[in-house]
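Written out below as structure tokens is the structure these notes cover.
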Amino acid sequence: MTAKIIDGKTIALELREAIAAEVAAMKAKGFPAPGLATVLVGENPASQVYVRMKQKACEKAGIESYGYVLPETATQEEVETLVKELNDDPKVNGILVQLPLPKGLDEERVLNTISLEKDVDGFHPVNIGRLAQKGRESLFVPCTPEGVIYLLDSVGAELEGANAVVLGRSNIVGMPVALLLVKRNATVTICHSRTKNLPEVCSQADILIAAVGRPAMVKRDWVKKGAVVIDVGVNRVDDSTRERGYRLVGDVAFDEVKEVASAITPVPGGVGPMTIAMLLRNTVRAANLANNAS
Ligand code: NDP
1454 MTAKIIDGKT IALELREAIA AEVAAMKAKG FPAPGLATVL VGENPASQVY VRMKQKACEK
1514 AGIESYGYVL PETATQEEVE TLVKELNDDP KVNGILVQLP LPKGLDEERV LNTISLEKDV
1574 DGFHPVNIGR LAQKGRESLF VPCTPEGVIY LLDSVGAELE GANAVVLGRS NIVGMPVALL
1634 LVKRNATVTI CHSRTKNLPE VCSQADILIA AVGRPAMVKR DWVKKGAVVI DVGVNRVDDS
1694 TRERGYRLVG DVAFDEVKEV ASAITPVPGG VGPMTIAMLL RNTVRAANLA NNAS
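Residue numbering for the sequence shown follows the numbering used here, starting at 1454 and increasing by one per position.
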């Protein structure tokens, strides 16, 4: 068996085109352009790149982006004051505080300050809490986990009653993915660094989600024949044949696992592009909520 390769790049592009069309229709009806505020604290180069990518994606979709940059030395109060100002700013529908924040800042307190209606990253403790409760819906779901579910749906993966194994329990990927899978009635096992017999646990999975940050950790014999495998990992490995000296690989040994899985995401070009598409979708949703409320 050779797996179907789930083309996240194309799926995300189609989604972004649909979002751009929705934004154009909103504007044609006389509503203002949706607005996303990005808050970058400090000079983490990766964060700078991510924020720039998000701003560019907004521009392409017709969404206004408002960039705020605070110095590495910004105090807790300064960051929270900015977030509160953005909460009160009617042209801002979504607020994205780029994580991680510099050491010394209390991330949870900052995320808690974001208005629930503008929490387009879905990391507000109340939105995450609702994800964990039966019969409750979050206003916004974190972007990468939502992208994972979107990709599973794109290949028609049967989630109800499926054995799903999630490798990783982080706040931003593993845990919310697991909670979303539970909401879709999968039977979910969450694995982490203290899990025993990891290959054995993984080999029971109909749906396997890898989000550990360990290059090519998931091998062929960890994967059940016909499983759907979603690889969230993005890892740099040295590669002298590349001009930049490295290449990106996932948490799954792609070439060998694709021989047993029924469908699999590549890295790059799988989950990565979905994250930004979901952010745009959440921002438009926030704008629709604001327009309906006014
Ligand atoms: P974290 O480092 O926050 O979490 C990693 C998780 O994996 C932890 O729960 C950890 O366990 C577990 N883990 C680590 N090593 C092992 C191991 N050897 N065996 C079993 N479990 C292990 O990472 P993130 O969740 O933030 O990110 C995971 C990956 O996804 C990274 O490669 C990251 O770059 C990528 N990523 C990709 C995104 C995208 O848009 N495509 C977005 C966000 C992340 P424990 O809890 O016990 O420490």
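Each residue gets a CB set at the ideal place from its N, CA and C atoms; glycine is no exception.
For the pair Glu-1525 and Glu-1533, the Cα-to-Cα distance works out to about 14 Å.
Collapsing the DSSP output to three states places Thr-1718 in coil. For Ser-1607, the enclosing alpha helix (DSSP H) stretches over residues 1596 to 1607. Look at Gly-1666: its beta carbon is less than 7 Å from one of the heavy atoms in the ligand NDP. Counting only the Cα atoms, Ala-1617 lies some 6 Å from Leu-1661. In the three-state scheme derived from DSSP, where H, G and I count as helix and E and B as strand, Lys-1507 is classed as helix. The beta carbon of Cys-1644 sits closer than 7 Å to at least one heavy atom of the ligand NDP. DSSP lists Ile-1717 as the bridge partner or partners of Ile-1458. Secondary structure at Glu-1517: strand, using DSSP grouped into helix, strand and coil. Only exposed fits Thr-1463, as fewer than 16 other CB atoms lie within 10 angstroms of its CB. In the DSSP assignment, Arg-1667 falls outside any alpha helix (DSSP H) and carries neither an H nor an E.
In terms of Cα proximity to Glu-1496, the closest of Leu-1554, Ile-1548, Val-1654 and Cys-1511 is Leu-1554. Of the residues Val-1594, Ala-1610 and Gln-1657, the one whose Cα lies closest to the Cα of Met-1628 is Val-1594.
Annotation for Arg-1622 indicates a beta carbon within 7 Å of some heavy atom of the ligand NDP.
Relative to the Cα of Arg-1667, the nearest Cα in the group Ala-1474, Val-1681 and His-1645 belongs to His-1645. With fewer than 16 other CB atoms across the displayed protein chains lying within 10 angstroms of its CB, Gln-1586 is exposed.
According to the DSSP assignment, Val-1654 belongs to the alpha helix (DSSP H) that extends over 1651 to 1655. For Asn-1688, the secondary structure class from DSSP, reduced to helix, strand or coil, is strand. With a threshold of 7 Å, the Cβ atom of Arg-1700 does not count as near the ligand NDP, since no heavy atom of the ligand is closer than that. The DSSP-derived three-state label of Ile-1662 is strand. Looking only at Lys-1544, Val-1630, Val-1710 and Ser-1568, the smallest Cα-Cα distance to Thr-1728 is reached by Val-1630.
Residue burial is scored here from C-beta neighbours: Lys-1507 has at least 16 other C-beta atoms within 10 angstroms and is therefore classed as buried.
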